[in-house]
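Data block below; observations after.
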Amino acid sequence: MPNRMLRESIRTSESLDALSPEAECFFYRLMVTADDFGRFDGRPEILRAATFPLATDRTPLSSIIHHLDALAAQGLIALSTHAGKPYGYFLNWEKYQQTRSHASKFPDPLADDSSPQHPQTPTNTSPQTLEDVSRPQQ
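In our numbering, the protein residues as written are 34 to 171.
This is the structure in structure tokens:
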């Protein structure tokens, strides 16, 4: 499990302050779940097991989905699909974390065969939800 740096400024983050206490807790647990590139498996079942390993029986999947959507709505993460599977990534990862690995465990969300659901620009005013990412493309 990777170690992560938390900067003092995290205490005054308006994005984190807009989250519920439960979603903020999920944010920190998701940080230590992500690989060195800030990417993670976006399947709620996998995330529940990875972020709440001792509380899977007390953590409904709907909570994980709600937390993912809340983080995406605040511009903290983005969701994408690759080969039909959901993935996620932290939008400002490089700004706050060090990369030690040479390659990510997960697909590049901006690669040609990925479908980013949240652009990395501040003009994103209507973020899509995990439900939108999981819905088959038409």
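All C-beta atoms in this analysis are idealised placements derived from N, C-alpha and C, irrespective of residue type, glycine included.
Item                                                                                                                                               : Value
Helix or strand or just coil, what does DSSP make of F9?                                                                                           : The question about residue 9 has no answer, for the chain in this structure spans 34 to 171.
Quick one: residues in its chain with C-beta nearer than 6 Å to the C-beta of F85, no 5 flanking neighbours on either side, listed in chain order? : T92
Hey, G71 and F123: beta-carbon distance below 8 Å or not?                                                                                          : yes
Does D90 pass the burial test, meaning 16 or more other C-beta atoms within 10 Å, or should it be called exposed?                                  : exposed
Could you work out which residue in L49, R40 and I79 is closest to I97 when comparing CA atoms only?                                               : I79
Under the assumption that F73 contacts L63 (Cβ atoms under 8 Å), give the Cβ distance between them as a whole number of angstroms.                 : 7 Å
Output yes or no for whether 8 Å exceeds the beta carbon distance between P77 and L49.                                                             : no
Could you compute how far the alpha carbon of Q107 sits from the alpha carbon of T114?                                                             : 20 Å
Check each candidate in A51, L104 and L39 and name the one with the smallest Cα separation from F60.                                               : L104
Using the beta-carbon count (16 or more within 10 Å), is G121 buried or exposed?                                                                   : buried
Does the Cβ of E41 have 16 or more other Cβ atoms within 10 Å, making it buried, or fewer, making it exposed?                                      : exposed
Who does F85 pair with in a DSSP beta bridge?                                                                                                      : Its beta-bridge partners do not exist; DSSP assigns none.
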